[in-house]
Amino acid sequence: MVDWKSLPAFLAVARAGSLRGAAEQLDGTHATVRRQVEGLEAQLGVQLFRRSAGGLELSAAGRKLLPQALEAEASLRQGFNAVRGLDSEAAGRIRLSADPMTAHFLLAPVLGEFLSLYPDIHIDMNLSYAIDSIERLETDVSIRHVRDLTGDAVGRKLFPLSIGVLASRSYIDRHLHDAGPRGEGLTWLGYGEVPELQAMIAASPFPRAAVRHAIPDPAMHMHLARAGVGMTFLAAWVQSVFPELQRVPGTELDQSRSTWVLMHGDLRRVQRVRLFVDFLYESLLERRADFIG
């Protein structure tokens, strides 16, 4: 019989890519995590991870086990949530702010699960690329992609937000081979007069590519890139939703920002908000498996 206590160690290593990172997630020790993973490998008679230059990567057997392990974890979490905190405070209204891309493609299924467990909690949701102020109590909970935290916001860090240069596979096949050494002949989709974007283009391998159009909406960038109009900067996770989008060869990922679940420090004492933040954190972290390969 499989030792179920080993599954959290397996999932933590898969998510962190290292024994040390897994130990931090589990509030345990490097040696304990290694022992649990090695014990699970011995029980199954397979090697679940392989060491690479970037850390520990899932083997073929590990990749096959991952979906079942995640399903088992999700079933346990749903069971715990179904019986935890269902008191008079698990009701009321929560104001949530997030950018539209994250909300549409990442948050919607998570919110569906949460609201089925807590039908007396109601969500007021503001979708905007502007940031509602937690400090001025404009929102209760916020999903943010930031470099540093400021003010009275407290929260939990999920994972680095990887920003990549993406284009459709057809665009790359048609244009990249004939492009000049600094991107001559290629096209960037523009966001308008945005100094940060201009700096990112200048630092990319394609600073001489033409910047065309002024489209401030990242979702429209995504759809135009899918249609083969040009290259753009997007969160790398969109490839898991639209596999026709690919990272342009020769480019690197920018991981200077991280994704956080944030709330005002005073709301830590509010039961429904604590439940919601914990659920968001656990559910979004679980979905990181889509991006670790």
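Residue numbers (the numbering used here): 90 to 382.
All residues carry an ideal CB built from backbone N, CA and C; glycine is no exception.
Contact under 8 Å by Cβ, residue i with residue j
i: residue 276; j: residue 320; result: yes
i: residue 151; j: residue 137; result: yes
i: residue 233; j: residue 351; result: yes
i: residue 184; j: residue 209; result: no
i: residue 297; j: residue 269; result: yes
i: residue 102; j: residue 122; result: yes
i: residue 376; j: residue 181; result: no
i: residue 100; j: residue 163; result: no
i: residue 343; j: residue 261; result: no
i: residue 370; j: residue 245; result: yes
i: residue 257; j: residue 314; result: yes
i: residue 349; j: residue 235; result: yes
i: residue 337; j: residue 254; result: yes
i: residue 187; j: residue 231; result: yes
i: residue 110; j: residue 143; result: no
i: residue 194; j: residue 368; result: no
i: residue 303; j: residue 281; result: yes
i: residue 264; j: residue 274; result: yes
i: residue 98; j: residue 126; result: yes
First and last residue of the uninterrupted beta strand (DSSP E) at residue i
i: residue 211; result: 210-216
i: residue 299; result: 299-301
i: residue 138; result: 138-141
i: residue 426; result: As displayed, the chain neither begins before 90 nor continues past 382, which places residue 426 out of reach and without an answer.
i: residue 277; result: 276-278
i: residue 180; result: Premise fails: residue 180 is in no beta strand (DSSP E) and is neither H nor E.
i: residue 324; result: 321-324
For residue i, the nearest candidate out of the options (CA to CA)
i: residue 355; options: 142, 243 and 107; result: 243
i: residue 94; options: 107, 114 and 129; result: 129
i: residue 279; options: 204, 307 and 259; result: 307
i: residue 299; options: 318, 237, 370 and 154; result: 318
i: residue 291; options: 322, 264, 258 and 265; result: 322
i: residue 295; options: 271, 316 and 283; result: 271
i: residue 228; options: 237, 216, 236 and 235; result: 216
i: residue 96; options: 154, 106, 148 and 110; result: 154
i: residue 286; options: 274, 301 and 368; result: 301
i: residue 140; options: 211, 160, 186 and 108; result: 108
i: residue 189; options: 316, 203 and 219; result: 219
i: residue 365; options: 112, 207, 192 and 146; result: 207
As assigned by DSSP and simplified to three states, the class of residue i
i: residue 376; result: coil
i: residue 174; result: Caution is warranted here: a pLDDT of 46 is assigned to residue 174, below 50, making its placement in the model unreliable, and the coordinate value is therefore given only provisionally. Coil.
i: residue 130; result: helix
i: residue 349; result: strand
i: residue 268; result: coil
i: residue 304; result: coil
i: residue 113; result: helix
i: residue 343; result: strand
i: residue 381; result: Because residue 381 sits at a pLDDT of 42, beneath the cut-off of 50, its placement in the model cannot be relied upon, and the following sentence gives the value as read from the coordinates. The answer is helix: DSSP assigns residue 381 an H, G or I state.
i: residue 103; result: helix
i: residue 151; result: helix
i: residue 219; result: coil
i: residue 118; result: coil
i: residue 295; result: coil
i: residue 243; result: strand
i: residue 249; result: strand
i: residue 371; result: helix
i: residue 362; result: helix
i: residue 316; result: coil
i: residue 146; result: strand
i: residue 258; result: helix
i: residue 203; result: helix
Unbroken alpha helix (DSSP H) run spanning residue i, endpoints
i: residue 230; result: Run containing residue 230: none in the alpha helix (DSSP H); it sits in the beta strand (DSSP E), 230-235.
i: residue 287; result: 284-292
i: residue 196; result: Residue 196 -> no alpha helix (DSSP H), and no H or E assigned at all.
i: residue 329; result: 327-330
Distance between beta carbons of residue j and residue i, contact taken as under 8 Å
i: residue 114; j: residue 124; result: Not quite, the Cβ-Cβ distance comes to about 16 Å (not below 8 Å), so this is no contact.
i: residue 247; j: residue 346; result: Actually they do not touch by this definition, with Cβ atoms about 11 Å apart.
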